[in-house]
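Structure first, then comments.
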Amino acid sequence: MTFLSIGLRPFFLGASIWSLVSMGLWMSIYIFPTGPRPSHNSPANWHAHEMIFGYGLAVIAGFLLTAVPNWTRGKTPVGKPLLGLFLLWATARILPFAGDSISSHLIAVVDILFAFALAVAISRPILKAKQWGNLVILAQLAILTLSNALYYAGHVREGLYLGFYAIIAVVFIISRRILPMFISKGVGYAFQPRHHKWVDKSSLIVFLLFAFADTFDAPPLLVGILSSALFVMHSLKLIGWYTPGIWRKPLLWVLFVAYAITVLGFAIKPFSIALGSVMPQLATHAFAIGGIGMMTIGIMSRVSLGHTGRAVSDPPKALTLVFILMLCSAIVRVVFPLIDMSHYITWVAVSQTLWMASFAVLLAIYAYIWVSPDRK
Numbered sequence: 000m001t002f003l004s005i006g007l008r009p010f011f012l013g014a015s016i017w018s019l020v021s022m023g024l025w026m027s028i029y030i031f032p033t034g035p036r037p038s039h040n041s042p043a044n045w046h047a048h049e050m051i052f053g054y055g056l057a058v059i060a061g062f063l064l065t066a067v068p069n070w071t072r073g074k075t076p077v078g079k080p081l082l083g084l085f086l087l088w089a090t091a092r093i094l095p096f097a098g099d100s101i102s103s104h105l106i107a108v109v110d111i112l113f114a115f116a117l118a119v120a121i122s123r124p125i126l127k128a129k130q131w132g133n134l135v136i137l138a139q140l141a142i143l144t145l146s147n148a149l150y151y152a153g154h155v156r157e158g159l160y161l162g163f164y165a166i167i168a169v170v171f172i173i174s175r176r177i178l179p180m181f182i183s184k185g186v187g188y189a190f191q192p193r194h195h196k197w198v199d200k201s202s203l204i205v206f207l208l209f210a211f212a213d214t215f216d217a218p219p220l221l222v223g224i225l226s227s228a229l230f231v232m233h234s235l236k237l238i239g240w241y242t243p244g245i246w247r248k249p250l251l252w253v254l255f256v257a258y259a260i261t262v263l264g265f266a267i268k269p270f271s272i273a274l275g276s277v278m279p280q281l282a283t284h285a286f287a288i289g290g291i292g293m294m295t296i297g298i299m300s301r302v303s304l305g306h307t308g309r310a311v312s313d314p315p316k317a318l319t320l321v322f323i324l325m326l327c328s329a330i331v332r333v334v335f336p337l338i339d340m341s342h343y344i345t346w347v348a349v350s351q352t353l354w355m356a357s358f359a360v361l362l363a364i365y366a367y368i369w370v371s372p373d374r375k
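Here the sequence shown is numbered in numbering that gives the first Met the number 0, starting from 0 and rising by one per residue.
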C-alpha cells in the first residue's frame, strides 16, 4: 500500500492535519472560550504538549523513518508495523477529547508507548550499522520519551520544557547536516559554506546546558549568559552558510529564515530576563514558530518531493505562499508584541490564523503527494 510504503507519508500528513486542527482548538479556547476542552489537562498545557509531542514528534518520526534507511542501509517500519506506530500516535491525540471516562493513565501509556516505539524503530538500524555519530539523535529521542513521562507524572513544566528543547536540539542537529549541503548544491553556482568545528561542537554542548538550566530553574543570569552565547555561535553558523542565491530558491530561504528566527529566540531570552518587560513567551514562540513551525514545514516540503520521485528543483509555486504565511505568523507573534504589547491578544489571534492558513495551503498541495504513488 502506497500510503504505508515510507514513514513520511502517514506522519507528515497526520502532523499537518493535527497542526491545523489543534491550533484551531487552541484558538477556540484562548480567543473564544467556547471550544471543546481536553480532559485531565489545562488547555494551555495541552496546547504546549501537542505542539511538542503531537506535531513536532510526528514530523521527526516521519523524517527519521525515511532518512535512517538511507543513512544506514537498514530498514525502518513499513506496512502494518508503520500503521501500528501511526495509530499509536493518532490515538494519543484523540483520547483527551473522548471524555472524562477515559483514564489519564491510559492516555499516558499510549502516548509514551509511541515515543518509546519510535526510539526502538530508529535505534535498531543505527546500532546495527554501528553509526555511533547518530547516537546523539537517539539520545534526543530518549529525552523526548523521558520528558513525556515526566509530563504525565505531574512534572508538567519540566516535561514540557525538556521535551521542547529536545525537539529544538533535533532541529539544530538535522539542520546542520542538511542545510549547508542543500545550499551548496541548490544555489546554481559554486559555493562552499564555511564551517567552524569549534562552533559546531560547543554550540551543542552549550545548548544542552541552556536547556537544562532553563528547564530546572537555574539562576536567571546563567540562563541569560548561555542564551547570549548561543545567539553568537548560531549567528556565526548563519553567516558562514549565507549566499545571496538562496533568495531565488524557496526551499532554501525557508530553511535559512527558519533557522534565523530560532536564533532570534536566543537574543530575546536575555532581554526577557534582564528587563522583565519582555515576555519570556516571545523567546519561546521564536523557538516554536521558527524551529518547530517554519523549519519543519520547509523540511517536509523538500523531503516529500525528493522521496516520492518529484523534482526538488521545481517545487510547486504555491509553496512560497505557505512559507510567507508562516513567516508572517512568526513576525506577528514575536516581533509585533515587542513593538506594541497593548494589542497582545490580537497579535496572538492573527498569528494563530496565519499558522492555520499556512498548513491549510500545505495540505492542499501535499495531501495528494503523500497518498499517491511515487513518480517514476
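Even for Gly, the Cβ is constructed at its ideal location relative to N, Cα and C.
Ends of the alpha helix (DSSP H) at His233? Pro219 to Trp240
Quick check: Ser183 and Phe190, are their CB atoms within less than 7 Å of each other? yes
Between the alpha carbons of Ala363 and Trp17, how many angstroms are there, rounded? 14 Å
Quick one: Cα of Ala168 to Cα of Leu208, how far? 12 Å
Kindly indicate the opening and closing residues of the alpha helix (DSSP H) around Lys316. Premise fails: Lys316 is in no alpha helix (DSSP H) and is neither H nor E.
Return helix, strand or coil for Asn147, following the three-state DSSP convention. helix
Taking three-plus beta-carbon pairs below 8 Å as touching, is the region 60 to 74 in contact with the region 119 to 137? yes
Since Val205 contacts Asp213 with CB under 8 Å, what's their CB separation in whole angstroms? At roughly 12 Å, the Cβ-Cβ gap does not stay under 8 Å, so Val205 and Asp213 are not in contact.
Determine, using beta-carbon pairs with one atom in the region 96 to 114 and one in the region 4 to 19, whether at least three such pairs fall under 8 Å. no
Environment of Ala376 [buried if 16+ CB atoms lie within 10 Å]: The question about residue 376 has no answer, for the chain in this structure spans 0 to 375.
If you pair each beta-carbon of the region 336 to 346 with each one of the region 305 to 325, do three or more pairs fall below 8 Å? no
Measure from the alpha carbon of Ala118 to the alpha carbon of each residue in Leu353, Thr261, Pro372 and Pro76, then state which is nearest. Pro76
Report all residues from its chain with a CB closer than 8 Å to the CB of Phe181; omit the five preceding and five following residues, and keep chain order. Leu250, Leu251, Leu254 and Arg301
Do Pro179 and Trp240 have their C-beta atoms within less than 7 Å of each other? yes
Taking 7 Å as the limit between beta carbons, can you name the residues of its chain near Ala141, skipping five residues before and five after? Ala118
Cβ pair Ser350, Val321 closer than 7 Å: no
Verify whether the separation of the beta carbon atoms of Leu235 and Val262 is less than 7 Å. no
At the level of alpha carbons, what is the spacing between Phe163 and Glu157? 10 Å
How would you call Met0, buried or exposed, if buried means at least 16 neighbouring beta carbons within 10 angstroms? exposed
Among residues of its own chain, excluding the 5 on either side of Leu353, which ones have a beta-carbon nearer than 6 Å to its beta-carbon? Leu324, Cys327 and Ser328
Spatial neighbours of Ile59 within its chain, please: CB distance less than 6 Å, with the 5 preceding and 5 following residues excluded, ordered by chain position. Val169
Other residues of its chain near Thr242: CB distance less than 7 Å, five sequence neighbours each side excluded: Ile182, Val186 and Phe190
Contiguous alpha helix (DSSP H) assignments of at least 4 residues, all confined to the region 66 to 96: 78 to 93
Under the three-state DSSP convention, the category Phe190 falls into: coil
Taking just the CA atoms, how far does Ala259 sit from Ile376? Within the shown structure, residues of the chain are numbered from 0 to 375, placing residue 376 beyond reach of any answer.
Quick one, which of Met50, Pro32 and Leu281 has its alpha-carbon nearest Val20's? Met50
Residues in its own chain within less than 6 Å of Asn44 by CB, not counting five upstream and five downstream? Val155
Cα-Cα separation between Ser92 and Ile172, rounded to whole angstroms: One detail in the question is off: residue 92 reads as Arg in this sequence, not Ser. In a straight line, the C-alpha of Arg92 is about 27 Å away from that of Ile172.
Alpha helix (DSSP H) containing Asp110: first to last residue? Ser103 to Lys127
With Val333 as the anchor, note down where its alpha helix (DSSP H) starts and where it stops. Neither: Val333 is in no alpha helix (DSSP H) and is coded neither H nor E.
Proximity to Phe215 [Cα-Cα], best of Thr65, Ile344, Ser100 and Ser146: Ser146
Between the region 268 to 288 and the region 25 to 32, are three or more C-beta pairs nearer than 8 Å? no
Less than 7 Å separating the beta-carbons of Ile136 and Gly55? no
Ends of the alpha helix (DSSP H) at Glu157? Val155 to Gly185
Suppose you measure from the CA of Met278 to the CA of Gly264; what does that come to, to the nearest Å? 12 Å
Beta-carbon proximity list for Ala348, same chain, < 6 Å, skipping 5 on both sides: Ile30
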